[in-house]
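Q: Residue numbers (the working numbering): 487 to 671. C-beta: ideal position from N, C-alpha, C; glycine also.
#1: Sort 629, 503, 508 by Cα distance to residue 582 and report the nearest one.
#2: Mind pulling the alpha helix (DSSP H) runs of 4 or more residues that sit fully within the region 504-588?
#3: Helix, strand or coil: which one does DSSP assign to residue 634?
#4: Go through the region 601-634 residue by residue and report every complete run of the beta strand (DSSP E) that reaches 3 residues or more, in order.
#5: Excluding five sequence neighbours on each side, which residues of the same chain lie with their C-beta closer than 8 Å to the C-beta of residue 511?
#6: Please classify residue 604: is it buried, with 16 or more other beta-carbons within 10 angstroms of its beta-carbon, or exposed?
#7: Here's the rule I'm using: 16 or more other beta-carbon atoms within 10 Å means buried, otherwise exposed. How should residue 562 be labelled?
#8: Measure the C-alpha to C-alpha separation of residue 492 and residue 529 and round it to an integer number of angstroms.
#9: What number of angstroms, rounded off, separates the C-alpha of residue 501 from the C-alpha of residue 573?
#10: Are the CB atoms of residue 538 and residue 496 within a distance shorter than 9 Å?
#11: Leaving out five residues on either side along the sequence, give the residues of the same chain with a beta carbon under 7 Å from the beta carbon of residue 555.
#12: Using 9 Å as the threshold, is the C-beta distance between residue 618 and residue 638 below it?
#13: Rounded to a whole number of angstroms, what is the C-alpha to C-alpha distance between residue 564 and residue 641?
#14: Do you know offhand how far residue 520's Cα is from residue 549's?
#15: Quick one: Cα of residue 494 to Cα of residue 540, how far?
#16: Got a sec? Which residues, its chain only, sit under 6 Å from residue 545 by beta carbon, not counting five neighbours each side?
#17: Using only alpha-carbon positions, find the residue among 509, 624, 614, 627 that is nearest to residue 635.
#18: Is the Cβ-Cβ distance between residue 578 and residue 586 less than 9 Å?
#19: Straight-line CA distance for residue 709 to residue 532?
#20: At what residues does the beta strand (DSSP E) containing residue 597 begin and finish?
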């Protein structure tokens, strides 16, 4: 947290000196030797502020590397990070879906058994990730069935797994009692 504050403070210093340099070069001041000295001094200060910012950024990145490594180890297969749109698409495809091509425009659509439509580009992303597959034995004009792969079923089941509930915290001494979770009847 402190390193992030230092980085933000260093970035503020860079912005200040850059704004000052812009102000000096705006034409508001008469062009003379004093202006040139002030511009050179501001450029030197901007250079120092940029060096401080860069070293602060390196410290922040060094502090974040072990955290990111730990996070990557806790998610080995990478499919546990499904977005809400991916979860919804996989759920609707699990109920049954077909890829159809329009006869005149040849535009691709993916209607599902639940009545929703999955965008074709979304289906292609899921296919590239190995979560769904199409039965290419059928014609696209007649409709190619789309099914979840084993990886897709695993990812969907993993994303729907309930998270462990946090233990309720004990009330502090002298505080008001907590509101009831269900209204009384």
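A: Well, looking at it:
#1: When only C-alpha atoms are compared, the closest one is 629.
#2: Within the region 504-588, the alpha helix (DSSP H) runs of at least 4 residues that lie entirely inside it are, in chain order, 519-560, 570-580.
#3: Secondary structure of residue 634 (DSSP, three-state): strand.
#4: Counting only runs of 3+ residues, the beta strand (DSSP E) found wholly inside the region 601-634 occupies 618-620, 630-634, in chain order.
#5: In chain order, 525 place their CB closer than 8 Å to the CB of residue 511, counting only its own chain and leaving out the 5 sequence neighbours on each side.
#6: So residue 604 ends up on the buried side.
#7: The predicted model places residue 562 with a pLDDT of 48, which falls under 50 and marks its position as unreliable; any figure quoted below should be read in that light. With fewer than 16 other Cβ atoms within 10 Å, it is exposed.
#8: Using only the alpha carbons, I get a separation of about 21 Å.
#9: Computed Cα separation, rounded: 42 Å.
#10: Yes, they are a contact pair.
#11: Excluding the 5 residues flanking it on each side, residue 555 has no same chain C-beta neighbour closer than 7 Å.
#12: With contacts defined as CB atoms closer than 9 Å, residue 618 and residue 638 qualify as a contacting pair.
#13: A caution first: residue 564 carries a pLDDT of 49, below 50, which makes its placement in the model too unreliable to give a value.
#14: Residue 520 and residue 549 have their alpha carbons spaced roughly 43 Å apart.
#15: Roughly 11 Å between the two C-alpha positions.
#16: Excluding its 5 nearest sequence neighbours in each direction, residue 545 has C-beta neighbours in its own chain below 6 Å: 489, listed in chain order.
#17: The residue with the shortest Cα to Cα distance from residue 635 is 614.
#18: Not in contact: residue 578 and residue 586 (Cβ atoms no closer than 9 Å).
#19: Because the chain in this structure spans residues 487 to 671, residue 709 falls outside the shown range and cannot be described.
#20: Start and end: 594-597.
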